[in-house]
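**Student:** Chains as they are written, first to last, in this note's numbering: chain A, 59 to 465; chain B, 59 to 465; chain C, 204 to 355; chain D, 204 to 355.
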Ligand SMILES: Cc1ncc(COP(=O)(O)O)c(C=O)c1O
Ligand SMILES: Cc1ncc(COP(=O)(O)O)c(C=O)c1O
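(1) Spatial neighbours of residue 350 of chain C within its chain, please: CB distance less than 8 angstroms, with the 5 preceding and 5 following residues excluded, ordered by chain position.
(2) Is residue 232 of chain A near ligand 2 - that is, is its Cβ less than 8 angstroms away from at least one heavy atom of it?
(3) In the DSSP assignment, the alpha helix (DSSP H) including residue 69 of chain A goes from what residue to what residue?
(4) Show which residues of chain C have a CB atom less than 7 angstroms away from the CB atom of residue 118 of chain B.
(5) Name the chain B residues that come within less than 7 angstroms of residue 318 of chain A, Cβ to Cβ?
(6) Using a Cβ cut-off of 9 angstroms, pull out every chain A residue sitting near residue 241 of chain D, in sequence order please.
(7) Have a look at B:462, B:428 and B:445 and flag the residue whose alpha-carbon is nearest the alpha-carbon of residue 204 of chain B.
(8) Ligand 2 and residue 285 of chain A: does the residue's C-beta get closer than 8 angstroms to at least one heavy atom of that ligand?
(9) Going along chain D in order, which residues have a C-beta closer than 8 angstroms to the C-beta of residue 326 of chain A?
(10) Any heavy atom of ligand 1 closer than 8 angstroms to the CB of residue 259 of chain B?
(11) Using a Cβ-Cβ cut-off of 6 angstroms (strictly less than) and excluding sequence neighbours within five positions of residue 142 of chain A, which residues of its own chain qualify?
(12) Which word fits residue 342 of chain C, buried or exposed, when buried means at least 16 other C-beta atoms lie within 10 angstroms of its C-beta?
(13) With a threshold of 9 angstroms between beta carbons, is residue 217 of chain C in contact with chain A?
(14) Which residues mark the beginning and the end of the beta strand (DSSP E) in which residue 262 of chain D is found?
(15) Output the distance between the C-alpha atoms of residue 201 of chain A and residue 144 of chain A, rounded to the nearest integer angstrom.
(16) On the three-pair Cβ rule with 8 angstroms, is the stretch 432-445 of chain B touching the stretch 392-401 of chain B?
(17) Taking Cβ-Cβ distances shorter than 8 angstroms, what residues in chain D pair up with residue 82 of chain B?
(18) Anyone know if the C-beta pair for residue 271 of chain D and residue 217 of chain D falls short of 9 angstroms?
(19) Which parts of the stretch 277-303 of chain B are runs of the beta strand (DSSP E), unbroken and 3 residues or longer, counting only runs that do not cross its ends?
(20) Please name the residue, chosen from A:62, A:150 and A:460, that lies closest to residue 289 of chain A on a Cα-to-Cα basis.
(21) I'd like to know if residue 222 of chain C contacts chain A, where contact means its C-beta is closer than 9 angstroms to some C-beta of that chain.
(22) Is the beta carbon of residue 89 of chain A within less than 8 angstroms of some heavy atom of ligand 3?
(23) Could you tell me whether any non-hydrogen atom of ligand 2 is closer than 8 angstroms to the CB of residue 113 of chain B?
(24) Alpha carbon to alpha carbon, how far is residue 299 of chain B from residue 334 of chain B? Give it in angstroms, no decimals.
(25) Just the C-alpha distance for residue 281 of chain C and residue 321 of chain C, rounded to the nearest angstrom, thanks.
(26) Let me check understanding here. Comparing Cα to Cα, which of C:264, C:331, C:247 and C:235 lies closest to residue 258 of chain C?
(27) Given this structure, state the Cα-to-Cα distance separating residue 223 of chain A from residue 172 of chain A, to the nearest angstrom.
(28) Is it the case that the CB of residue 240 of chain A approaches a heavy atom of ligand 2 more closely than 8 angstroms?
(29) With the cut-off set at 9 angstroms, would you say residue 184 of chain A and residue 157 of chain A are in Cβ contact?
(30) Considering just the uninterrupted stretch of the beta strand (DSSP E) at residue 232 of chain D, what are its terminal residues?
(31) Determine the direct distance from the alpha carbon of residue 84 of chain A to that of residue 213 of chain A, and round the result to whole angstroms.
(32) Whether or not the stretch 185-197 of chain B and the stretch 364-372 of chain A are in contact is what I'm after, with contact meaning three or more pairs of Cβ atoms, one per stretch, closer than 8 angstroms; do they touch?
(33) How should residue 354 of chain C be labelled, buried or exposed, when 16 other C-beta atoms within 10 angstroms of its C-beta is the threshold for buried?
(34) List, from N- to C-terminal side, the alpha helix (DSSP H) runs of 4 residues or more that fit wholly inside the stretch 140-204 of chain B.
(35) Using 8 angstroms for Cβ pairs, my map puts residue 118 of chain A next to residue 419 of chain B. What's the rounded Cβ distance?
(36) Among all the DSSP beta bridges, which residues are the ones paired with residue 239 of chain A?
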């Protein structure tokens with residue numbers, strides 16, 4: 059685990075953190091929305107565009123060869139990052155597109171009238187709306203694993219919930235609005251016993267803890283590059299080889315075809331079958347560099363660091379009058395969402411911004427969950443490895459000032 | 059129009075062009091596959107990641123505000139770039155995703171059993187396969203405007219082709235494998251008379267000539283950022299306001315919803331309805347910078363420049379024994395594809411690479427067209443404003459050497 | 204601090220104790236407005252005659268800016284002619300997107316406290332939510348000479 | 204020039220005048236192979252006995268590397284035992300992905316001309332197309348002791 063000093067030197071890798079906002083040093087605690095990018099990733103993008111930029115796959119010249127090698131190298135690195143094979147890694151725009159891809163292709167083929175899609179009450183809209191649309195297309199229905207008042211999944215009836223015509227169980231690994239870490243491997247094991255396909259939404263976990271798809275035992279895994287130090291516009295869908303092999307294409311176009319006639323076409327095998335058109339080449343390569351950078355630090359160490367900051371934040375925030383923390387008290391991912399009796403989340407966030415503190419306020423794309431918890435909106439501080447205990451202290455002090463102001 | 063000198067100084071804006079490949083100065087003539095990026099675009103990306111990177115739309119803090127302003131500013135710039143309104147500009151990954159979006163949403167709603175989708179025989183796979191998939195889903199069929207032996211659309215029967223249950227006419231503006239410039243405004247006018255919706259594939263024209271959707275008179279327009287000096291991973295779908303307003307969503311997820319319940323959701327209006335999840339923020343902003351850069355030079359001047367290089371290339375290549383140029387002799391976009399009697403396209407391109415010359419060889423994602431022309435593969439030189447007459451001369455000299463070698 | 208400028212006493216007071224908050228049983232029109240991206244919700248009920256906004260009340264939840272704006276709006280608009288109400292809504296929305304140094308019309312009175320919102324573009328939609336609901340209410344129920352209709 | 208190393212006389216000769224090019228009417232197996240990304244196509248027809256590749260011919264089109272490789276393969280494999288043929292195909296494909304300095308087995312004979320392809324990774328699939336077709340042909344028709352079957 060890096061020492062305090064080396065965490066501080068890691069922070070130097072992020073040029074954006076070195077700036078003043080509204081006359082104060084930036085305290086960026088909006089990492090669950092998107093993470094910042096280290097110099098290594100920015101250099102990788104620059105290098106690509108300044109030396110190697112070319113279209114991939116069909117080119118026979120040097121630049122095209124370099125671009126293809128780098129692009130496929132990124133696929134291999136991402137595969138290694140989650141214990142998968144390169145042929146199982148599909149590049150998408152992000153978690154949202156990954157889940158839509160599964161709902162459209164696997165879903166349209168396997169979910170029919172009267173079937174059930176199992177989700178949880180804590181899903182992000184991106185793991186809810188695609189299934190609502192699928193259910194509507196197919197006459198299927200949705201079922202939800204309930205969330206307890208303290209923000210955990212209520213698993214007392216999980217086997218009953220998995221019973222019946224349940225076709226897929228899609229659930230979030232770490233909740234972006236509660237911080238809850240769900241027991242993904244156990245849930246996948248239960249689902250497998252029930253013959254139910256699983257998708258894990260790893261948007262909040264992929265950059266924060268070690269992930270191995272074989273250990274998780276899931277069938278699909280989705281995550282976004284921009285939340286793990288990678289560029290925007292790139293993400294991953296991982297699917298088990300045998301499942302991908304049987305799936306119909308998603309989009310049609312260049313790169314995904316084996317042979318095209320005027321009226322019929324044959325398609326390449328996975329992963330190319332699912333990557334129609336010119337892919338997000340630079341971004342895929344940049345994500346490869348991000349994975350390399352993160353593994354240079356170590357995801358176990360990052361997890362410990364983030365958890366320690368979250369613990370510290372919970373301890374400090376709890377002391378503020380009228381402040382309620384959402385989600386479990388301990389054992390949470392590196393984020394803390396809260397509400398103040400006396401101030402609305404937007405007012406908290408706007409005021410925090412005046413101190414250079416970046417928080418997020420709102421429903422965090424989990425409207426139904428917040429409605430169930432009886433909270434219209436919350437404020438959220440989310441941490442990453444470049445954040446420091448001093449920043450957490452300052453955050454808590456600012457929130458306290460805001461509370462006093464509105465009390 | 060920039061003078062010869064200023065064309066040369068424009069060339070200095072592209073760091074990648076200043077390199078040796080296989081011991082020779084790089085001659086990059088693979089611009090129809092992807093264009094290179096000027097310093098202005100790279101600086102814009104760096105600035106975004108080093109100062110403003112944040113998630114958009116739902117944020118109330120300074121960085122999020124900057125990112126949102128820049129992202130929506132890019133939308134406005136792209137709208138101005140094609141004479142549209144900002145609300146009509148949907149950010150996608152590229153031409154391929156744009157066309158798939160239309161086929162999936164507009165297509166699934168408007169094309170039914172027995173209906174006809176009109177294309178041309180010169181379409182890129184990305185404007186063919188999505189319609190094949192739609193036709194299969196819906197029991198519709200495809201119809202094609204034929205291509206004449208010299209690579210023009212045979213429009214003698216266009217009104218008959220547009221008659222009957224034709225729902226959409228989707229066609230390429232500039233052919234990527236022939237260089238043909240199709241009379242897009244005329245075709246759209248004919249289609250409108252026949253009550254047929256139109257989509258123009260502007261992948262090869264958006265960075266090469268002035269485009270105005272109202273003058274074109276089309277209903278949809280699709281193009282890719284990476285072919286017009288923008289980043290990879292970003293493109294545009296433009297749709298007429300009233301058509302977009304009536305379209306169902308594409309993907310489900312964050313950012314595209316107005317309100318989400320556990321089982322039902324309401325969606326935002328266009329363009330947000332079609333942009334589920336975290337968008338390719340940096341890339342959209344980078345594409346805005348690319349559009350600004352291109353308009354700083356002037357698309358009319360770029361068009362003249364590219365056409366002049368193409369004319370020069372045709373004149374020089376024609377003199378090589380056994381060389382056949384595909385497509386129209388004059389009035390072509392800035393690209394020239396050819397076959398040699400004595401050498402296969404791959405051998406030409408591999409050898410050219412040994413001289414630092416980047417050409418592309420193969421079917422250029424237009425397999426059915428090449429089959430019809432009786433050519434298994436062609437070699438293609440494609441130009442952009444940073445290419446010079448000297449490069450064209452060198453290209454022709456290298457092709458001549460290759461011909462001699464294989465003769 | 205900038206934010207004390209934004210959250211002046213008047214705004215804090217109206218956000219904590221919003222006036223005209225609650226149902227309006229004899230409303231002739233009720234309009235629900237929301238800011239989907241942040242979750243603010245305001246339900247505005249008004250009793251309109253052919254010429255006048257006789258009375259108006261609201262319910263809902265939102266941030267201090269949103270609540271205070273709704274509260275001050277109800278006070279300002281009550282009893283105004285429909286024409287005046289529409290003009291005021293338009294002027295208010297317009298004021299929020301003018302440059303900071305632009306003078307605020309005399310007629311705004313207390314509403315001037317919202318001029319600081321111009322420095323916080325992300326909060327403009329909070330301040331205008333109730334006003335957009337008002338505009339919709341005015342457009343939903345035809346003005347004179349057509350007679351008043353029930354609408355919910 | 205590098206490319207003269209790639210396009211040695213032997214390759215040019217076989218690409219221009221491919222041997223064993225044409226249909227094989229008494230083939231026991233025909234396999235079509237293609238490189239979808241570039242459009243090369245080779246159709247390989249072979250007459251297999253339970254133990255031997257008695258004869259083989261091919262048709263199709265492709266680049267010089269692809270054509271020469273198919274031509275030289277037919278010469279090399281003709282009359283070989285099925286086991287030897289399979290081993291040679293495997294060894295040939297393997298050779299193309301070894302580092303440039305790795306020595307080429309003696310048994311390769313003329314096939315050694317393809318060792319330069321190792322410097323052109325994009326062209327490996329051109330050189331191996333016919334060999335992959337051969338491997339598929341061998342796996343499609345069961346070897347001894349099962350008797351020969353017709354297959355197209
Ligand atoms: C005419 C044409 N249409 C569509 C495309 C597909 O564009 P993209 O691969 O960027 O989606 C291309 C580029 O390859 C093209 O040239
Ligand atoms: C848990 C969770 N799932 C899905 C998403 C959607 O990710 P993206 O917007 O990158 O597609 C997010 C991020 O907002 C998230 O936190």
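We put the CB at the ideal spot given by N, CA and C, even for glycine.
**Tutor:** Checking against the coordinates, here is how it stands:
(1) Low confidence applies here, because residue 350 of chain C scores a pLDDT of 36, under 50, leaving its location unreliable; read the following figure in that light. Once the five neighbours on either side are set aside, the close Cβ partners of residue 350 of chain C are 253.
(2) yes
(3) 62-69
(4) 325
(5) 183, 186, 187, 425 and 426
(6) 116 and 118
(7) B:428
(8) yes
(9) Those are 239, listed as they occur along chain D.
(10) Judged by the Cβ position, residue 259 of chain B qualifies as a neighbour of ligand 1 at the 8 angstroms threshold, a heavy atom of the ligand being closer than this.
(11) 271 and 296
(12) exposed
(13) Not closer than 9 angstroms to any Cβ of chain A, the Cβ of residue 217 of chain C fails to qualify, so no.
(14) 256-264
(15) 33 angstroms
(16) yes
(17) Neighbours of residue 82 of chain B on chain D: none; closest Cβ ~11 angstroms, over 8 angstroms.
(18) Cβ distance < 9 angstroms, so residue 271 of chain D and residue 217 of chain D count as in contact.
(19) Listed in chain order, the complete beta strand (DSSP E) runs (minimum 3 residues) inside the stretch 277-303 of chain B are 278-282 and 293-297.
(20) A:150
(21) no
(22) Annotation note on ligand 3: not contained in the displayed structure, which lists ligand 1 and ligand 2 as its ligands.
(23) Checking the Cβ of residue 113 of chain B against ligand 2 gives yes.
(24) 19 angstroms
(25) 25 angstroms
(26) C:247
(27) 7 angstroms
(28) no
(29) yes
(30) Judged by DSSP secondary structure, residue 232 of chain D falls within the beta strand (DSSP E) whose first and last residues are 232-238.
(31) Roughly 41 angstroms between the two C-alpha positions.
(32) no
(33) Legend: pLDDT at residue 354 of chain C = 38, less than 50; position of this residue unreliable, value from coordinates given subsequently. The residue is exposed, with fewer than 16 neighbouring Cβ atoms inside 10 Å.
(34) 153-160 and 187-196
(35) 6 angstroms
(36) A:232
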